[in-house]
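Residue numbers (the numbering used here), protein chains in the order written: chain F, 1 to 345; chain P, 1 to 345. Note that CB positions come from ideal geometry on N, CA and C, so glycine has one too. Comments concern the structure below.
2 protein chains.
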Amino acid sequence: MEPPAAPRRVTIVDVARHANVSTTAVSKVLRNAYGASPEMRAKVRRAIDELGYRPLAAARGLRGQTYTIGVMLPDIRNPFFPEILDGVTGCLEGTDYQVLLGPGGNGEKEEVRVTDAMIDRGMDGLVLVAPVSPRDRLEHVASAVPTVVVGRHGHSPVYDTVADDDRAGAALVVRHLAELGHRRIAHIEHHETDPTRATEMPNAQRADGYRRAMRDLGLDGEIDVVSTSYTQQGGYEGAKQLLARPHRPTAVFAGADIVAMGVLEAVAEAGLSVPGDLSVAGYDNTTFAALGQISLTSVDQAGQEIGRNAARLLLERIADRGRRSVQVRLSPTLVARRTTDRPPA
Amino acid sequence: MEPPAAPRRVTIVDVARHANVSTTAVSKVLRNAYGASPEMRAKVRRAIDELGYRPLAAARGLRGQTYTIGVMLPDIRNPFFPEILDGVTGCLEGTDYQVLLGPGGNGEKEEVRVTDAMIDRGMDGLVLVAPVSPRDRLEHVASAVPTVVVGRHGHSPVYDTVADDDRAGAALVVRHLAELGHRRIAHIEHHETDPTRATEMPNAQRADGYRRAMRDLGLDGEIDVVSTSYTQQGGYEGAKQLLARPHRPTAVFAGADIVAMGVLEAVAEAGLSVPGDLSVAGYDNTTFAALGQISLTSVDQAGQEIGRNAARLLLERIADRGRRSVQVRLSPTLVARRTTDRPPA
DNA sequence: CACCCTATGGGAAACGTTACCCATCAGCTT
DNA sequence: AAGCTGATGGGTAACGTTTCCCATAGGGTG
């Protein structure tokens, strides 16, 4: 009894033989290409079914398409990204394309690894979600394979972009708080060193949107930004700093929900109540913002919409690589919950 | 000015020419194969660097390996899965393998689609995380490509498995609650219809573990199981039912953290307090269980450990397809937090 | 009736890599 | 000196698919 030595795969040649036609004919049927009569198509389709034939992507890739779209997600933990993914897969449903994800993970090095891997695997198109790599790296990738960049603002002639208007989102929060009567509204931002990213990344746009909105409301003097990171720890530390102010803010706009979680923790630790003593708002409307126990006011990016648009643009670009690049910008909405209320009297 | 028509890729032939050797030699160097002198290796490596050559996975796949490992995740939203993924990638770091994720998503149909896609793409090995497909489908997949199944208990001669001991995990919770003084401990389970899955799936094992642990503690009479689903909604509804009992339980063991979230919501709505009136425990130790605002007692599965083991087994099986199948079972631990305490007096 | 279309089908050469095998050569052993 | 060995390098045929082209046949046109 020998090891069952995986039976040889059914190939296009087997199908051709079984249907009494040429391999060329089978190929034409597979790709819905020109030059096959209806009878031919029927005959071949039957043979394909009878033999359970499936085309081998590797072999196809050697000649042209692999019918694979790669999506790079920076942090699979961020509950916002699955939304985007749903949008992408939803839009690709019904096409022959299959989506595969690359775990972008941590920083530029990993992004290079993943994008290279996707190119090496002959993927037909790439969706890069919130990449941190420098612009020229993105353009390098885009010159090798049709690419759409999601959640990053700067635009390039070689790739399309889809993003929410983070500036507008920040303004939504500030105005919401101001309408409740707040004036001392602070912001916790993600510290950014790289100069390009300082313009292109969502965190930078949010901080900028915060500043503008404050100015527009005549609250220039109250602008108060703490620079930490988009992590729970960053929120915790940022809040500590803000609570230590001689004249502490009555509201905190955290640049991300996870940051807001850290803020809530620090506030509880200080023996203060939310929203009694301090209003708190986040950004991203993640799953836990909606949890009853938390009920965090947040900004909802239309994740699915973003994904759908990205997929659509990608298909267009695959069809016409030379076409001009497109930038899509979507509008976020505010979801007011129980962590924001009127300031203490 | 014409469209920049992506420049032809550097191939092994270019490298060979540039280094004045044969393509065979280059191939040997690439694969660290036998039959290349140190000088040869050095020369070829230099040429590779100078030309920026990268092997095309599609072409490799046509001959043998693609150096790609596919990981199917059922629900990218479940914050437990990234842990597993980290374990897998961590173990594969340093090897030539690249991990790509398939969005398993919703049910058998999608699982078939994703696994087929991975096979078609010539992946060298698959990790299936908590698949819902029937056993023979899994065996079919495993007979086409080396496979490790994660988080599912039944074992098969053709694939390896890695899972936590869910029965033991459930027992941990029950004993913890019993030690605190609880007797009326209820359980909310995920309703399972399929007979195979009723044995193999983690949810079934947890329910079973709950029953056994109750019996072991002499609490046979107090066994109380509500059958809904592993969703927040399921937890909410389950809790509603339990709270409506004439003699309501003093503790609820929810089969998953997300279920516990629903329970907490229902409890708050009923005007009761946790853990004052009711203790609540979850399972999975997800990110939000740890959030200060929630602080949910839960069971921690060694996610990274699971992933590492899966990757290790997969590499072994790729190296020796005929080898006997292995089952790894890991022990979960209890993380007691603030949602469990002594029962009301 | 000669000619030229168009529609349909197939032959065969790629695509980039690996694996099998053979050739060569230097250094030993008889 | 002939024969053997092991180490090194290369030639070449796959792998499964697509794509470029050519062949054929039938039908319409001049």
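Taking residue i as the reference, which of the options has the closest Cα?
i: F/Tyr97; options: F/Val71, F/Leu272 and F/Ile223; result: F/Val71
i: F/Pro249; options: F/Gly255, F/Gln241 and F/Ala256; result: F/Gln241
i: F/Ser229; options: F/Val13, F/Phe288, F/Arg212 and F/Ala260; result: F/Ala260
i: P/Leu100; options: F/Ala319, F/Met118 and F/His155; result: F/Met118
i: P/Arg45; options: P/Leu73, P/Asp14 and P/Arg60; result: P/Asp14
i: F/His140; options: F/Met214, F/Val158 and F/Asp208; result: F/Val158
i: P/Asp124; options: P/Glu108, P/Ala142, P/Gly107 and P/Glu111; result: P/Ala142
i: P/Tyr67; options: P/Val326, P/Thr333, P/Gly94 and P/Ser298; result: P/Gly94
i: F/Ile84; options: P/Arg77, P/Ile84 and P/Gly90; result: P/Arg77
i: P/Gly64; options: F/Asp194, F/Ile69 and F/Ala58; result: F/Ala58
i: F/Asp208; options: F/Gly218, F/Asp194, F/Leu128 and F/His187; result: F/His187
i: P/Gln232; options: F/Phe288, F/Met214 and F/Leu272; result: F/Phe288
i: P/Leu284; options: P/Arg206, P/Ala213, P/Pro275 and P/His247; result: The residue you asked about is not Leu; residue 284 of chain P is Asp in the sequence shown. Closest option to P/Asp284, Cα to Cα, is P/Arg206.
i: P/Arg355; options: P/Val226, P/Ala311, P/Arg41 and P/His176; result: Nothing about residue 355 of chain P can be read from this structure; chain P reaches only from 1 to 345.
i: F/Arg8; options: F/Val162, F/Glu110, F/Ala130 and F/Gly52; result: F/Gly52
If we ignore side chains and look at the alpha-carbon of each, how far apart do residue i and residue j end up?
i: P/Asp277; j: P/Pro343; result: 7 Å
i: P/Thr183; j: F/Asn203; result: Looking at the sequence shown, residue 183 of chain P is not Thr but Arg. Straight-line Cα distance between these residues: approximately 50 Å.
i: P/Asp120; j: F/Arg197; result: 38 Å
i: F/Val335; j: P/Ile294; result: 21 Å
i: P/Thr339; j: P/Val148; result: 36 Å
i: P/Ala5; j: F/Glu39; result: Because the pLDDT at P/Ala5 is just 49, under 50, the model does not fix this residue reliably, and the point stays unresolved.
i: P/Arg17; j: P/Ser27; result: 13 Å
i: F/Ala266; j: F/Leu56; result: 55 Å
i: F/Phe80; j: F/Asp86; result: 11 Å
i: F/Asp75; j: P/Val145; result: 28 Å
i: F/Gly105; j: F/Ile48; result: 40 Å
i: F/Arg329; j: F/Asp164; result: 5 Å
i: F/Val114; j: P/Ala319; result: 24 Å
i: P/Glu222; j: P/Ser133; result: 34 Å
i: P/Asp220; j: P/Ile185; result: 11 Å
i: P/Arg135; j: P/Ser156; result: 8 Å
i: F/Gly322; j: F/Ala251; result: 48 Å
i: F/Arg308; j: P/Val173; result: 43 Å
i: F/Glu237; j: F/Gly262; result: 8 Å
Quick one: list the residues of chain P neighbouring residue i, beta-carbon separation under 7 Å, in chain order.
i: F/Thr393; result: In this structure chain F extends from 1 to 345, so residue 393 of chain F is not present and cannot be described.
Does chain F have any CB closer than 7 Å to the CB of residue i?
i: P/Ala239; result: no
i: P/Ala117; result: yes
Anything in chain F within Cβ reach of residue i, meaning under 7 Å, just list it in chain order.
i: P/Arg99; result: In the sequence under discussion, the amino acid at residue 99 of chain P is Val, which differs from the Arg named in the question. Residues of chain F passing the Cβ test: Pro103.
i: P/Ala204; result: Residues of chain F passing the Cβ test: none, with the nearest at roughly 26 Å.
May I ask which residues mark the beginning and end of the alpha helix (DSSP H) holding residue i?
i: F/Arg317; result: Gly303 to Ala319
i: P/Thr297; result: Here P/Thr297 belongs to no alpha helix (DSSP H), and DSSP marks it neither H nor E.
i: P/Gln241; result: Gln232 to Leu243
i: P/Ser27; result: Thr23 to Leu30
i: P/Thr89; result: Phe81 to Leu92
i: P/Leu126; result: Element bounds for P/Leu126: not the alpha helix (DSSP H) but the beta strand (DSSP E), Gly125 to Val129.
i: P/Ser143; result: Arg135 to Ala144
i: F/Thr115; result: Gly107 to Asp120
i: P/Arg175; result: Asp166 to Leu180
At a CB-CB cut-off below 9 Å, which residues of chain P make contact with residue i?
i: F/Leu264; result: Leu291, Gly292 and Gln293
Output yes if chain P places a C-beta closer than 7 Å to the C-beta of residue i; else output no.
i: F/Gly61; result: yes
i: F/Lys319; result: First, the residue type needs correcting, since residue 319 of chain F is Ala and not Lys in the sequence shown. Taking Cβ atoms only, chain P never reaches closer than 7 Å to F/Ala319, which makes this a no.
i: F/Gly122; result: yes
i: F/Met261; result: yes
i: F/Arg312; result: no
i: F/Arg54; result: yes
Find the residues of chain F that neighbour residue i, judging by a C-beta separation of less than 8 Å, and give them in chain order.
i: P/Arg77; result: Pro79, Pro82 and Thr287
i: P/Thr66; result: Ala58 and Arg121
i: P/Ala268; result: Gly292 and Gln293
i: P/Leu85; result: Ile76 and Pro103
What residue range is occupied by the uninterrupted beta strand (DSSP E) comprising residue i?
i: F/Phe253; result: Ala251 to Ala254
i: F/Ala281; result: Ser279 to Ala281
i: P/Ile188; result: Ile185 to His190
i: F/Pro103; result: Gln98 to Pro103
i: P/Ile69; result: Thr68 to Leu73
i: F/Arg212; result: Where F/Arg212 is concerned, there is no enclosing beta strand (DSSP E), although the alpha helix (DSSP H) it sits in stretches over Pro202 to Asp216.
i: P/Leu291; result: Unbroken run through P/Leu291: none, as it is neither H nor E.
i: P/Asp224; result: Asp224 to Thr228
For residue i, which residues in chain F fall below 9 Å Cβ to Cβ?
i: P/Thr89; result: Pro103 and Gly105
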